[in-house]
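Q: Dropping the structure in here first, questions after.
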Amino acid sequence: MTRPASPHARAPASSRLSLPFNVWNALTIGIALIVALPVIVVLAHLFMPAEGIWQHLASTVLPRYLGNTLFLVVAVGLGTFVIGTGSAWLVVMCRFPGRRLFEWGLLLPLAVPTYVIAYAYTDFLQFAGPVQTWLRESFGWSAGDYFFPNIRSLGGAATLITLVLYPYVYMLARAAFLEQSVCVLDVGRTLGRGPWRLFSGVALPLARPAIVGGVSLALMETLNEFGAVQYFGVDTFTTGIYRTWFGMGEQVAAAQLAACLLAFVIALVLLERASRGKRRYFHTTGRYQHLPEFALYGWRAWAATLACLAPVLLGFLIPSGLLGYLSIQGGDALFGSAFLGFAGNSLILATLASVVAVSLALLLSYGARLNPGKVTRIATRVAAMGYAVPGSVVAVGILIPFVWLDHQINDFMKGQFGVVVGLLLSGSAFILVYAYLVRFLAVSFNAIEASLGKVTPSMDAASRTLGQTAGGTLRKVHTPIMRGSLIAAGILVFVDVMKELPATVILRPFNFDTLAIRAHNLAADERLAEASTSSLAIVAVGILPVILLSIAMRRSRPGSR
Numbered sequence: 001m002t003r004p005a006s007p008h009a010r011a012p013a014s015s016r017l018s019l020p021f022n023v024w025n026a027l028t029i030g031i032a033l034i035v036a037l038p039v040i041v042v043l044a045h046l047f048m049p050a051e052g053i054w055q056h057l058a059s060t061v062l063p064r065y066l067g068n069t070l071f072l073v074v075a076v077g078l079g080t081f082v083i084g085t086g087s088a089w090l091v092v093m094c095r096f097p098g099r100r101l102f103e104w105g106l107l108l109p110l111a112v113p114t115y116v117i118a119y120a121y122t123d124f125l126q127f128a129g130p131v132q133t134w135l136r137e138s139f140g141w142s143a144g145d146y147f148f149p150n151i152r153s154l155g156g157a158a159t160l161i162t163l164v165l166y167p168y169v170y171m172l173a174r175a176a177f178l179e180q181s182v183c184v185l186d187v188g189r190t191l192g193r194g195p196w197r198l199f200s201g202v203a204l205p206l207a208r209p210a211i212v213g214g215v216s217l218a219l220m221e222t223l224n225e226f227g228a229v230q231y232f233g234v235d236t237f238t239t240g241i242y243r244t245w246f247g248m249g250e251q252v253a254a255a256q257l258a259a260c261l262l263a264f265v266i267a268l269v270l271l272e273r274a275s276r277g278k279r280r281y282f283h284t285t286g287r288y289q290h291l292p293e294f295a296l297y298g299w300r301a302w303a304a305t306l307a308c309l310a311p312v313l314l315g316f317l318i319p320s321g322l323l324g325y326l327s328i329q330g331g332d333a334l335f336g337s338a339f340l341g342f343a344g345n346s347l348i349l350a351t352l353a354s355v356v357a358v359s360l361a362l363l364l365s366y367g368a369r370l371n372p373g374k375v376t377r378i379a380t381r382v383a384a385m386g387y388a389v390p391g392s393v394v395a396v397g398i399l400i401p402f403v404w405l406d407h408q409i410n411d412f413m414k415g416q417f418g419v420v421v422g423l424l425l426s427g428s429a430f431i432l433v434y435a436y437l438v439r440f441l442a443v444s445f446n447a448i449e450a451s452l453g454k455v456t457p458s459m460d461a462a463s464r465t466l467g468q469t470a471g472g473t474l475r476k477v478h479t480p481i482m483r484g485s486l487i488a489a490g491i492l493v494f495v496d497v498m499k500e501l502p503a504t505v506i507l508r509p510f511n512f513d514t515l516a517i518r519a520h521n522l523a524a525d526e527r528l529a530e531a532s533t534s535s536l537a538i539v540a541v542g543i544l545p546v547i548l549l550s551i552a553m554r555r556s557r558p559g560s561r
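At position 398 of the sequence shown the residue is numbered 398 (UniProt numbering), and the sequence of numbers has no breaks.
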């Protein structure tokens, strides 16, 4: 028997949530527009005249930009695929000395920015460095008596970028191999397939989506690369954008170069999706425990150990050791209060950016949860695309509208009040935080969305039954549950901001240096020993997400050994 509703009864929770649903929808679209603004600005400049500069660039440097960028994409793609996929298969499916150590140790190169490893190896391998000096002294050679590869070259840049980006492929490939059904692998072993035939014929096709995703992430970082290629004198689109804007003073041509780089990114994303086509990969059984391992003995075991040790040694241990040695021997001449100022600027920017990014990512993911329609789905995809956009493209797309806005504000204030306010927005740290938000919102969004997806909808229903609004449910129910994921997302954004160089170089206010800028400026002056102090500090901070990832990897699969 039902009781008639009282005229004074409270409205059902669903009806009270009708306004918040609209508000959350508006928030989701608003955040997407914030991220999309730089991309829209850059694409709009494709149709603006460049007054002959574009023709000059096309006939002189553009082919070189295109060729070098393509070479880096192909070389880094192949290198990260081979190292990342091969090492992942070894640590998952083979038993050899040091396997447990390498399982998390292979992540360590993620802590080293590409420009930092470039500085370390240049000092180590240059003509006056310890390696070539030892060769000349040991064999009595002079400069023309021997050949030594030039590290400051296109090939050197591709090699070093590969050494620090292969963990993207390793992480996703390892996870994909662990998720494969033991039944499928057992069938392969029953048919007499060894570890490498099983890898190439069974495991690799099943892990293809994850591996392609990892290679795509590495290639997006390659297209974003600025510090290492500029230091090595390799002309790419990122260095060309910087040179065209600051060297030639041509913002339209710089924006058009940025649009070309953006076209690279779009083509990469489309190629990744097209490579999957309509294929779907399913597991038909839930047997995941006790993966079949291949015990390696003799030279095969030590070859596997060496194969896993080499990328860790070359990508983390050697450059970190070199930086530590240089810091002790020389170090930054401004180490002290001035150096603390650089570190303080980095910490302030990274903290602000991580707090804002995590807050907006939380609102974005919760808005998509409350209103899972087509509009919010598109908005979340747009908001998460910033990580694929290179920092130099983001910087140009932000600087153009904000410089225009600053001029409008300055003209108004001068005309109305006789006050010159200068570059109020584009000359402040505000646009740096905005650029970091555009670039790294996706990092925090992916972590928070995954965590929020694990919260059962019944908790939302129970909260609404108790009279909580959508905002109250987020604040009092979801946020406490997701505290660990929110902190992890904040740390990931924090570290990415500390390492970011292209956007920081272009957008930083006058006389506002961070650790990354300090290292970049000193290295540009060939003061590598002094640059080592800032570089080592960045590497130390970069170890934080590696620790988080290693903890997550240990929990990745019950029953896996």
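We put the beta carbon where it would ideally sit given N, CA and C, even for glycine.
Since this is a predicted model, take the numbers as computed values, not measurements.
Nearest to I34 by CA position, among Y242, P205, Y434 and L110, is which residue?
A: Y434
Q: Alpha helix (DSSP H) containing T28: first to last residue?
A: S18 to A44
Q: Could you tell me whether the stretch 436-452 touches the stretch 347-364, using the rule of 3 or more Cβ pairs below 8 Å?
A: yes
Q: Whole angstroms is fine: what's the gap from A307's alpha carbon to A218's?
A: 20 Å
Q: Count the C-beta pairs between the stretch 156-166 and the stretch 78-98 that are closer than 8 Å, then say yes if the count reaches three, no if not.
A: yes
Q: Could you spell out the range, first to last residue, of the alpha helix (DSSP H) harbouring Q132?
A: Note, Q132: alpha helix (DSSP H), P130 to F139.
Q: Measuring straight from C-alpha to C-alpha, what distance separates S532 and E225?
A: 19 Å
Q: Distance check for I328 and V382, CA to CA, integer angstroms please.
A: Their backbone Cα atoms lie some 46 Å apart in a straight line.
Q: Could you tell me the distance, in whole angstroms, from the CA atom of K374 to the CA atom of D460?
A: 21 Å
Q: Are the stretch 446-463 and the stretch 476-491 touching by the rule of at least three beta carbon pairs closer than 8 Å?
A: yes
Q: State the start and end residues of the unbroken alpha helix (DSSP H) segment that holds E225.
A: No alpha helix (DSSP H) contains E225, which DSSP labels as neither H nor E.
Q: Just the Cα atoms here: how many angstroms apart are Y146 and M171?
A: 40 Å
Q: Mind reading off the beta-carbon distance from A353 to V539? Whole number of angstroms is fine, and I expect it under 8 Å.
A: Going by Cβ atoms, the distance from A353 to V539 rounds to 20 Å, so no, they are not a contact pair.
Q: For L314 and V112, I'd like the C-alpha separation in whole angstroms.
A: 11 Å
Q: Measure the alpha-carbon distance for T236 versus L160 and round it to whole angstroms.
A: 16 Å
Q: Please work out which residues of its chain come closer than 6 Å, Cβ to Cβ, to A295, disregarding the five sequence neighbours upstream and downstream, and give them in chain order.
A: R95
Q: So, is I117 buried or exposed, given that buried needs 16 or more other C-beta atoms within 10 angstroms?
A: buried
Q: With distance defined between alpha-carbon atoms, name the residue in G427, K499, I398 and I543 nearest to P509.
A: G427
Q: Any idea what DSSP makes of F294, helix, strand or coil?
A: Note: F294 maps to strand in three-state DSSP.
Q: Taking C-alpha atoms, which residue in G233, E526, I551 and L548 lies nearest to R64?
A: G233
Q: Checking 8 Å against the spacing of the C-beta atoms, do A203 and W89 come in under that value?
A: Judged by their CB atoms, A203 and W89 are nearer to each other than the 8 Å cut-off.
Q: Could you spell out where the alpha helix (DSSP H) holding W89 opens and where it closes?
A: L62 to M93 is the span of the alpha helix (DSSP H), which, as asked, contains W89.
Q: Can you name the start and end residues of the alpha helix (DSSP H) that A435 belongs to?
A: F430 to G453
Q: Does the Cβ-Cβ distance between G397 and A258 come in under 8 Å?
A: yes
Q: Count the CB pairs spanning the stretch 125-138 and the stretch 204-215 that are closer than 8 Å, and state whether there are at least three.
A: no
Q: What whole-angstrom Cβ distance do L399 and L271 have, given they're in contact under 8 Å?
A: That belief does not hold up - the Cβ atoms of L399 and L271 are roughly 29 Å apart, past 8 Å.
Q: In whole angstroms, what is the alpha-carbon distance linking A263 and A143?
A: 44 Å
Q: Between the C-alpha atoms of F417 and G240, what's the straight-line distance to the nearest angstrom?
A: Looking at the two C-alpha atoms, the distance is approximately 41 Å.
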